[in-house]
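First residue of the sequence shown: 157, per our numbering; consecutive thereafter.
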Amino acid sequence: MRHLIDVTDLTVQEIDQLILKAEDIIAHPARYQDVAAHKQLATLFFEPSTRTRLSFESAMLSLGGSVLGFSSAASSSTAKGETVTDTVRTVSCYVDIIAMRHPKEGAPFAASRRSSVPIINAGDGGHNHPTQTLTDLLTIHRERGNISDFTIGFCGDLKFGRTVHSLVNALSRYTGIRFLFISPEELRMPEYIKENTLQRNGLGYEETESLEEAMPQLDVLYMTRVQKERFFNEADYIRLKDTYVLDPAKLESAKKDLCILHPLPRVNEIHVAVDDDPRARYFEQVRNGKFIRMALIMMLLGLDA
Ligand code: CP
C-alpha cells in the first residue's frame, strides 16, 4: 500500500507516467468511466477548500466510484476532541482511499501511519500540497510540451505558500530549470528549501523583490496569494497582501508565450483583466487538477482501464 504525503514519494518516472495517464484520460474519458466502480473515496477536509476537495470528488465520480466525507472539522467528531489518527483509523474502515487536508504540518503523515488504506495529502499547513504540484506539472507539460529548460518565477508569499514548496521540490528533479524567487523580504522562500532542495543538489536560484525586473526573463510565472490564515499578526498581512498585483500593464514586458499559473484562490494578486490574456492558464490549471487526480487515484488503487 502506498500513500502520497510528499511529492518525493513519487519518482520522476512515476510523475511522468501520471502525466501521460492524465493526458490519455483527457483524450478518452469514456474509457475510464467505470474503472473505480464499487470503490469509495473519503475526503476529510479539516481546512477550507474549493478546488482540491471538489476535484477529488469529481475525479472519483468520473471513474465510476463513490465519495463521502466532511468539509470542515466542525462537522466531524474532531469538534468533540477526537484525534486525527483516530478519525483516519475510523474512516479507513469504510473506504478504499482517503484524501485529507489539515492545517497542521505533518498531520497527513501521522494519519498514514495508522491508516489501512492509502492517504493522499491534500495540503498540510504551510508545508506541502503534492496534488497541486501534479496539477501544475501536468499544466506545464500541456502548455510547453515538456518539463525542462525554462525559467520559472515564483511570486508572492513564498514563505507560507505550500504549493510553491512542493513545486520547487518537484522541479528540482527535472533538468534545465532556472528558479527566480520574487517576494518581499518577510515572505522569502524558507532556508530549508533553498538549502536542502536546491543548494545541496547543486541547483542555483535568484531572489528579487521586483516583479517588473523579473518579468522579461520568465517562461512560467507562478503567482501566489498571501496566506492570510498563516499570519500571526493581522497588521503584517494588511501591509504585505497587495505587494504584487499582476495587471495588463505589467505584462507588456513579458514573453509572448509566457504561461501564467496560480493555484487559486486569488484575492487581489491577479487583476481580472488578465483573465482574457491567452497567457493566463490558471483556469486551465484548475481543469487539469481533476484529470491528474483521476490518474493518481488509479495508481494508488492499482486500477487500469
Ligand atoms: N489550489 C487549492 O488548493 O485550492 P483550494 O484551497 O480551493 O482547494
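Glycine residues also receive a C-beta, built at the ideal position from the N, C-alpha and C atoms.
Under the rule that a run must span 4 or more residues, the alpha helix (DSSP H) segments found entirely inside the stretch 159 to 225 read 168 to 183, 207 to 218. With respect to GLY281, LYS260 sits close: the two C-beta atoms are nearer than 7 Å. Per DSSP, GLU365 is not a residue of any alpha helix (DSSP H), being assigned neither H nor E. Between ALA410 and the set LEU396, GLU390, ALA436, GLU425, the nearest pair of CA atoms involves ALA436.
Cα atoms of LEU354 and HIS258: separation of roughly 27 Å, rounded to the nearest angstrom. At least one heavy atom of the ligand CP lies closer than 6 Å to the C-beta of ARG207. Contact between the stretch 188 to 201 and the stretch 241 to 259 is present: 3 or more CB-CB pairs across the two stretches fall below 8 Å. For PHE439, the enclosing alpha helix (DSSP H) starts and ends at 438 to 457. Relative to the ligand CP, LEU452 has its C-beta separated by 6 Å or more from all heavy atoms.
Residues of the same chain with a CB within less than 7 Å of the CB of THR164, apart from the 5 flanking positions on each side, are ASN325 in chain order.
Going by DSSP, ASP280 is part of the beta strand (DSSP E) stretching over 275 to 280.
Apart from the 5 residues on each side of it in sequence, SER339 sits with its Cβ closer than 6 Å to the Cβ of LEU314 in its chain, given in chain order.
When the alpha-carbon of ILE275 is set against those of THR241, ALA461, LYS384, ASP305, the nearest one is in THR241. Taking C-alpha positions only, SER328 is separated from GLY221 by approximately 34 Å. Minimum Cα-Cα distance from LEU417 among the listed residues GLY358, ASP431, ALA193 corresponds to ASP431. The stretch 289 to 298 makes no contact with the stretch 265 to 273, as fewer than three CB pairs between them are under 8 Å. For SER233, the CB contacts under 8 Å within the same chain, skipping 5 residues up- and downstream, are THR243 in chain order. Per DSSP, the beta-bridge partners of CYS311 are ILE338, MET379.
According to DSSP, ARG257 shares a beta bridge with PHE201. Taking a cut-off of 8 Å for Cβ pairs, the stretch 381 to 391 and the stretch 417 to 427 touch, as three or more such pairs fall below it.
According to DSSP, residue pairing for ASN424 in a beta bridge does not occur.
The Cβ-Cβ distance between GLY332 and SER366 does not fall below 7 Å. Put simply, the stretch 447 to 457 touches the stretch 212 to 219. At least three CB pairs are less than 8 Å apart. Remark: the C-beta of PRO419 is in contact range of the ligand CP, defined as less than 6 Å to any heavy atom.
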